[in-house]
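Heads up, the thing below is written out as structure tokens.
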Amino acid sequence: MNSLQYLLPVLLLLPIIIYKLSGSSKKLSLGLAQLLGPFVFISFSILSYIDKSPIQLTIWNFSKYFSVGLKLDVLSGLIAATVSTIGIVVARYSIRFLEDDPKSEHFKKNLAFTLSFVFSMLLAPNLVLFSISWAAASYFLHKLLTHFSNRQGAIKAARQKFWINRLGDIFIVIAGGILLNVFKTLEFNTIFAMAENTFLIKDNYILLNTASIFLVLGAMTKSAQFPFHHWLPNTMETPTPVSAIMHAGIINAGGYLIIRMAPFLSSTPLALSLLAIIGSFTAFWATIVMFTQVNVKKNLAYSTIAQMGFMMLQCGLGAFSIATVHIIGHAFYKAYAFLSSGTATDFGRLNRYFPKQQITNKFRNSFLLGATSIVLVVGSLMYTGVNVLENPGVFILLIVLALAASQMILNSKDKFQAVLFASSIVLIYLGLTKFMTILLEGIVPANVSMPGIVGVVTVLISAGFFIALYLIQNSLDKISQTEVGKQIYVKALRGGF
25 MNSLQYLLPV LLLLPIIIYK LSGSSKKLSL GLAQLLGPFV FISFSILSYI DKSPIQLTIW
85 NFSKYFSVGL KLDVLSGLIA ATVSTIGIVV ARYSIRFLED DPKSEHFKKN LAFTLSFVFS
145 MLLAPNLVLF SISWAAASYF LHKLLTHFSN RQGAIKAARQ KFWINRLGDI FIVIAGGILL
205 NVFKTLEFNT IFAMAENTFL IKDNYILLNT ASIFLVLGAM TKSAQFPFHH WLPNTMETPT
265 PVSAIMHAGI INAGGYLIIR MAPFLSSTPL ALSLLAIIGS FTAFWATIVM FTQVNVKKNL
325 AYSTIAQMGF MMLQCGLGAF SIATVHIIGH AFYKAYAFLS SGTATDFGRL NRYFPKQQIT
385 NKFRNSFLLG ATSIVLVVGS LMYTGVNVLE NPGVFILLIV LALAASQMIL NSKDKFQAVL
445 FASSIVLIYL GLTKFMTILL EGIVPANVSM PGIVGVVTVL ISAGFFIALY LIQNSLDKIS
505 QTEVGKQIYV KALRGGF
């Protein structure tokens, strides 16, 4: 594997190479270059897993604090393969979308540089290169967001995103400064190894928890978490390919940062508890706002915020492998959803297979079905001897799965078909989670223990938001008739807070 490391810089430049080839007549070379990215990223991930070590290239040992280089392991390889695949689809889509646009070449160039710096961020071996790549990708994304310079809404949204991202940069720099002060390095591997020293963690408890909180805040700005979420729904006037690549790939950068830093963050669970609570609230509120939106792209934007909230909840509960599955699945779904947002056939397709029915006493039925599902989850965990505070991620996520399955069964006329479909989805989800846990063994912790009152509060609040959302969803007809319900509707229609 020693010789493979020299291919890593080529992978960073691949989007730019593809951009250059797109203007030539070498169609075969262009096609091969487009297929090369996902294939190599997947292949390198497999080789890294088999060899139980990352493929790493050190270009320059700048100082004892950090080096200039690249590192690809299973985590970065899988996410990079996802971004590469979606990037190819978006690039091909944008050819027709911007066919008569005089600035189409500028768009393609900015898209290529955005993807290159996203790859650089994913393959960064330390926090310095990660932060630089993060800022550079944000810069070129800003250019994509302002492609239609005559659309004031797009310009305003891009400015909002620009300043929120700069705030995120400040959070990351502060966290990096604290980590450098304690660990005397910003190399990920060294930080993770030193974080296993419990004496070091205890001696620097306040400093390291502060660093963790700033890392979490930085991730929240990138992944549009409350209260840093307003810019995302306002980007609807940007070109559709930009929405697709942003919602499918770049918005996941905050989640990737948390997962990458998981070995360190697991030693400071206070910050993860904060992330879990904010993530669950973001998912709760964004879903309520999503119910009120009639604009397809705005509906998808709040769906993305809610999904990012759920993903942050997974990270906060220490379910890093599940969060990785979520990132990959959500990326492909959102790319498809935005690129096909010009049609409304999906809704008809869903209603054909799972037609909704008007249910009398829906709240009572939903309460009974949801309560039964939760009791079964809790009973199963108690029977298998799973400690909820040692595995809070398993507990909360099984409750969410149970409520989602209950909702599907409740709304469907064909209960048997709905039960089969819901059961299949749950089994596939759990199977993928187990598979990802095996792949990421040694890269992220299997679980994070949250002992004491912090763990109890985190579990109760996180579960409470999703149970409340489930009950609200099944009693909207009654809530909408109350004065409070009408006020909430108006606020949600305007985007919430």
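In this text, residue positions in the sequence shown follow my numbering: the first is 25, and each later residue adds one.
Note that the Cβ used here is the ideal one computed from N, Cα and C, for glycine as well.
The structure displayed is predicted, hence computed values, not measured ones.
Query, Result
"Give the secondary structure of Val95 by DSSP, where H, G and I count as helix, E and B as strand, and everything else as coil.", "This sequence places Lys at residue 95; Val is not what is there. Strand, per DSSP."
"Go ahead and pull the three-state DSSP assignment for Gln249.", "coil"
"Report the start-end ranges of each alpha helix (DSSP H) in the region 222-270 that is 4 residues or longer and not cut off at the edges.", "222-227, 229-246"
"For Leu298, report the span of its alpha helix (DSSP H) as first-last.", "293-316"
"So, is Glu211 buried or exposed, given that buried needs 16 or more other C-beta atoms within 10 angstroms?", "buried"
"What is the DSSP secondary structure of Asn134, counted as helix, strand or coil?", "helix"
"Look up Gln505 in the DSSP assignment and say whether it is helix, strand or coil.", "coil"
"Where does Ile282 land, buried or exposed, given buried means 16+ other C-beta within 10 angstroms?", "buried"
"Grab me the residues of Gly278's own chain with a C-beta within less than 6 Å of its C-beta, minus the 5 sequence neighbours each way, in chain order.", "Ala243, Lys246, Ser247"
"If you reduce the DSSP assignment to three classes, tell me which class Asn150 lands in.", "strand"
"Could you tell me which of Phe489, Lys180, Phe143 sits nearest to Gly333, measuring between CA atoms?", "Phe489"
"Alpha carbon to alpha carbon, how far is Lys502 from Pro62? Give it in angstroms, no decimals.", "49 Å"
"Specify, as a first and last residue, the run of the beta strand (DSSP E) that Leu81 falls within.", "79-84"
"Which first and last residues belong to the alpha helix (DSSP H) in which Gln497 is found?", "476-497"
"Where does Val472 sit, in a helix, a strand or coil, going by DSSP?", "coil"
"Could you check if Gln338 is buried or exposed, using at least 16 other CB atoms within 10 Å of its CB as the buried criterion?", "buried"
"Please confirm whether Pro149 and Ser290 have their CB atoms less than 7 Å apart.", "no"
"Per DSSP, which residues does Glu129 bridge with? Please list them.", "Partner(s): none; Glu129 has no beta bridge."
"Would you mind sorting Gln58 into buried or exposed? The rule is 16 or more other CB atoms within 10 Å of its CB.", "buried"
"Assuming Leu169 contacts Val266 under a Cβ cut-off of 8 Å, what Cβ separation, rounded to an integer in Å, is found between them?", "6 Å"
"Per DSSP, what are the beta-bridge partners of Glu465 in this structure?", "Val468"
"Starting from Glu211, follow its DSSP beta bridges and name the residues at the other end.", "Asn150"
"Just checking, does the region 138-158 make contact with the region 196-207 on the three C-beta pairs under 8 Å criterion?", "yes"
"Specify the secondary structure class of Leu341 as computed by DSSP and reduced to three states.", "coil"
"Are the beta-carbon atoms belonging to Ala310 and Ala330 less than 7 Å from one another?", "yes"
"Run through DSSP, which three-state label would Thr170 get?", "coil"
"Classify Trp84 as buried or exposed, calling it buried when 16 or more other Cβ atoms lie within 10 Å of its own Cβ.", "exposed"
"Where do the ends of the alpha helix (DSSP H) carrying Gly273 lie?", "Where Gly273 is concerned, there is no enclosing alpha helix (DSSP H), given that its DSSP letter is neither H nor E."
"Please name the residue in Ile269, Lys510, Leu456 whose C-alpha comes closest to that of Leu135.", "Ile269"
"Three or more C-beta pairs closer than 8 Å, one from the region 460-468 and one from the region 338-352: is that the case here?", "yes"
"Report the CB separation of Ala355 from Asn276 in whole angstroms; it is logged as a contact under 8 Å.", "6 Å"
"What are the boundary residues of the alpha helix (DSSP H) that Ala286 is part of?", "286-289"
"Candidates Asn323, His253, Thr264, Met285: which alpha carbon is nearest Gly303's?", "His253"
"Compute the distance between the beta-carbons of Ser69 and Thr82, then report whether it is under 7 Å.", "no"
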